[in-house]
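S.K.: Before I ask anything, here is the structure I am working with.
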Amino acid sequence: MSLLFRVLKRAFARRAPGVGRREDGVSAPADGDVGRLLQQGEELSNAKRFADAQALFRKALDRDPGNREALLRLGILAARESRYGVARELLERLVGLYPDCLDGVNALANVARLEGRWQDARACYGKALELDPDSVPVLSNLGTCLRDMGQVVEARTHLTRAVEMEPDNADVLLNFATVLIDAGETERAESCLRRVLELAPDMAEAHTALGHLLLLRGAFEDGWRQYDWRHRVEIAEHHLEYPHPQWQGEPIARELVLVRGEQGLGDQIMFASCLPDLQSRARGVMLECDPRLAPIFARSFPAVSVHPKQPENLERWRAAGIVPGRQVFLGSLPRHFRNRWEDFPVRAAYLQADPARIARWRVRLDGVGAGPKVGISWRGGTEKTRQMLRSIPLPQWRQLFEHSACQWISLQYGEAAADAPAFARAHAVPLHHWQEAIDDYEETAALIAALDLVISVQTAAVHLAGALGRRAWVMVPCAPEWRYLARSERLPWYPSVTVFRQQKPGEWAPVLVDVHERLVALERSRDMA
């Protein structure tokens with residue numbers, strides 16, 4: 004769970020609009036027109052009319068090029084729109100003119116954090132604390148930055164101090180709760196989140212965080228209820244507005260239900276396991292999903308009408324006379340069908356790869372040599388979704404490669420895929436990487452179906468392997484994503500997946516030893532089918 008969006012919302016101390024300090028050190032109120040522009044811009048920003056607010060702040064800056072408030076607000080809005088280069092330029096200009104501007108230094112640190120420049124962010128927060136060692140927003144932001152860097156103990160120290168100074172600050176308590184979760188203090192984290200909701204009952208971020216925590220514990224019924232707040236979070240995934248009523252669990256035996264895919268590939272794969280449950284209740288089901296998954300879902304759920312997610316879908320359906328009676332987001336289906344452990348069906352697979360592609364991959368795999376064929380993925384997430392915690396650098400895998408008769412296949416996506424050939428050359432390890440298997444998800448599914456085993460960190464490959472009923476081992480950090488639960492070697496979603504859990508933050512070596520021993524035992528048992 005990432006809380007980066009919090010840095011753009013309430014983390015800046017209030018100052019009178021238009022009032023700044025010139026380079027000569029003399030305070031000077033802005034021109035009257037500039038002051039009014041800033042005031043109106045602030046009102047529009049509070050009303051979430053960000054484009055209109057930005058236009059007024061820009062006009063104010065044109066009239067007063069050194070205006071501190073205009074530079075700050077434009078920088079924040081640019082960061083909110085992910086225009087980080089623009090934000091950085093504005094805020095660096097601000098800090099250059101006003102080195103003592105705490106809000107500007109804090110905002111500049113936030114932009115570095117949003118860009119994933121962790122060390123730069125940390126250094127910038129340090130400068131902000133030099134200006135004001137007791138700044139609660141800076142302490143809170145630094146704490147969450149350190150948390151994202153995997154430095155939970157130090158993060159906890161800064162956030163504890165922030166909470167002590169402002170015990171009823173809902174934003175700080177929310178950030179503190181996420182660090183407590185990472186520290187394994189889930190009971191205290193839950194108390195903290197419930198206190199946040201006493202202070203701010205409609206804070207969607209707190210409801211969603213509480214949902215993640217409850218789901219992490221396996222408290223599914225209460226967890227899904229809180230999880231449904233995810234669409235109200237300020238930077239929630241954008242979805243086109245569709246006119247169909249939301250399904251809330253009412254009878255739908257005569258209804259055509261539109262299921263709307265959301266979030267990443269792994270989430271869509273996991274939640275798709277609920278589609279057969281929905282089919283049993285509805286007259287018909289149509290699914291809008293990530294285009295990469297559409298062929299696999301169409302093959303696996305032949306009674307479901309599958310549509311790749313595209314902006315023009317609604318108009319196409321209208322033109323074809325297709326009118327759903329209800330709509331529901333894919334991630335909301337478990338609320339109706341997965342409230343107890345007993346609600347998770349025990350089945351080997353619910354997705355099917357293309358048989359012809361599987362056959363071709365088996366031939367290709369036979370050509371790399373004798374021994375079990377094992378797929379691996381070593382980097383998960385993004386810079387904004389705790390990539391540092393969810394990844395194991397490839398060199399740390401060497402003991403698996405060197406003491407096994409397996410043939411190793413890279414399932415890695417993104418920039419980290421380039422690590423495979425370089426590592427293979429440097430260490431004389433036969434680590435095969437076929438980019439065509441990564442670029443086309445039909446090929447990815449077929450390759451995984453042809454493998455004997457998948458070993459991975461928290462990536463979509465685990466979900467795909469589990470949904471295909473293939474054996475997979477996933478290595479998770481001390482503070483795993485909620486999908487992997489807090490305990491147990493098994494996942495209710497995928498009976499074929501085994502979880503290997505880190506015991507101490509940052510220490511992957513014991514996990515890899517455990518995986519290696521289990522792999523050797525599996526090879527000896529000849530049970531790799």
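Take the sequence shown: its letter number 255 is residue 258 in the working numbering, and every next letter is one higher. Note that CB positions come from ideal geometry on N, CA and C, so glycine has one too.
#1: Classify Arg91 as buried or exposed, calling it buried when 16 or more other Cβ atoms lie within 10 Å of its own Cβ.
#2: Beta carbon of Pro279, beta carbon of Phe304: below 9 Å?
#3: Compute the Euclidean distance between the alpha carbons of Pro375 and Leu268, then round it to the nearest angstrom.
#4: For His161, is the classification buried or exposed, using 16 other Cβ atoms within 10 angstroms of its Cβ as the cut-off for buried?
#5: Buried or exposed: which applies to Arg469, given that a residue is buried once 16 or more other Cβ atoms fall within 10 Å of its Cβ?
#6: Among Phe347, Lys312, Leu77 and Arg96, which residue has its Cα nearest to the Cα of Arg493?
#7: With distances taken from CA atoms, which of Lys130, Tyr416 and Ala452 is nearest Val366?
#8: Using the Cβ count rule (16 or more neighbours within 10 Å means buried), how would you classify Leu243?
#9: Secondary structure at His435, three-state DSSP: helix, strand or coil?
#10: Could you compute how far the alpha carbon of Glu201 sits from the alpha carbon of Pro102?
#11: Just reading off the alpha helix (DSSP H) that Trp320 is part of, what are its end residues?
#12: By Cβ distance, which residues of its chain are closer than 7 Å to Ile395, with the 5 residues on each side in sequence left out?
#13: Are the Cβ atoms of Leu183 and Arg159 separated by less than 9 Å?
#14: In whole angstroms, what is the alpha-carbon distance linking Gly417 and Asn178?
#15: Between Ala373, Phe426, Gln122 and His247, which has its C-alpha nearest Phe332's C-alpha?
#16: Verify whether the separation of the beta carbon atoms of Gly153 and Pro508 is less than 9 Å.
#17: Please go through the stretch 81 to 136 and give each complete alpha helix (DSSP H) segment of 4 or more residues, from N-terminal end onward.
#18: Is there contact here, the stretch 471 to 488 with the stretch 351 to 362, by at least three beta-carbon pairs under 8 Å?
#19: What is the C-beta distance between Gly378 and Leu454, in whole angstroms, given that I count them as a contact (C-beta under 8 Å)?
#20: Check the C-beta distance from Gln271 over to Ala306 and give it rounded, since I have them as a contact under 8 Å.
#21: Any idea if Gly214 is buried or exposed, counting beta-carbon neighbours within 10 angstroms, 16 or more meaning buried?
#22: Taking 9 Å as the threshold (C-beta atoms), are Ala449 and Arg393 in contact?
#23: To the nearest angstrom, how far is it from the Cα of Arg66 to the Cα of Arg52?
#24: Indicate the three-state DSSP secondary structure (helix, strand or coil) for Leu454 in the structure shown.
#25: Where does Thr462 land, buried or exposed, given buried means 16+ other C-beta within 10 angstroms?
#26: With a threshold of 7 Å on Cβ separation, who are the neighbours of Pro495 within its own chain once the five nearest residues in sequence on each side are excluded?
#27: Would you mind stating whether Leu456 and Trp476 have Cβ atoms separated by less than 9 Å?
#28: Report all residues from its chain with a CB closer than 8 Å to the CB of Gln415; omit the five preceding and five following residues, and keep chain order.
#29: Please name the residue in Ala203, Gln43, Tyr487 and Val108 whose C-alpha comes closest to that of Lys62.
#30: For His406 versus His519, is the C-beta spacing smaller than 9 Å?
M.R.: With the structure as the only source:
#1: Classification for Arg91: buried.
#2: For Pro279 and Phe304, yes; Cβs fall inside 9 Å.
#3: For Pro375 and Leu268, the gap between their C-alpha atoms comes out near 27 Å.
#4: Taking all protein chains in view, the Cβ of His161 is crowded by 16 or more other Cβ atoms within 10 Å, so the residue is classified as buried.
#5: Just to set this straight, residue 469 is Gly in the shown sequence, not Arg. Under the 10 Å beta carbon count, Gly469 is surrounded by 16 or more other beta carbons and is classified as buried.
#6: Arg493 has its Cα closest to that of Phe347, out of Phe347, Lys312, Leu77 and Arg96.
#7: Checked all of Lys130, Tyr416 and Ala452; the closest Cα to Val366 is Ala452.
#8: Classification for Leu243: exposed.
#9: Here His435 carries a strand assignment [DSSP, helix/strand/coil].
#10: In this model, Glu201 and Pro102 are separated by some 38 Å (Cα to Cα).
#11: From DSSP, the alpha helix (DSSP H) with Trp320 extends over Asn316 to Ala322.
#12: Sequence-distant Cβ neighbours of Ile395 in its own chain, meaning closer than 7 Å and more than five residues away, are Trp381, Val460, Met478 and Trp511.
#13: Going by C-beta atoms, Leu183 is nearer than 9 Å to Arg159.
#14: Roughly 29 Å between the two C-alpha positions.
#15: Looking only at Ala373, Phe426, Gln122 and His247, the smallest Cα-Cα distance to Phe332 is reached by His247.
#16: Yes, they are a contact pair.
#17: Counting only runs of 4 or more, we get 87 to 100, 105 to 117 and 121 to 134.
#18: Three or more Cβ pairs closer than 8 Å define a contact, and the stretch 471 to 488 meets that threshold against the stretch 351 to 362.
#19: Rounded to the nearest angstrom, the Cβ distance from Gly378 to Leu454 is 5 Å, consistent with a contact under 8 Å.
#20: Not confirmed; about 18 Å, so no contact.
#21: Flag for Gly214 reads buried.
#22: In this structure, Ala449 does not lie closer than 9 Å to Arg393 by Cβ.
#23: So the alpha carbons of these two residues sit roughly 22 Å apart.
#24: Three-state result, Leu454: coil.
#25: So Thr462 counts as buried.
#26: Excluding sequence neighbours, Pro495 sits near Trp344 and Phe347.
#27: Yes. Within cutoff.
#28: Cβ neighbours of Gln415 within its own chain (closer than 8 Å, five residues either side excluded): Ile379, Ser380, Trp381, Arg382, Asp422, Ala423, His436 and Ile441.
#29: Selected option, being the one with the closest Cα: Gln43.
#30: Note that the C-beta distance between His406 and His519 is below 9 Å.
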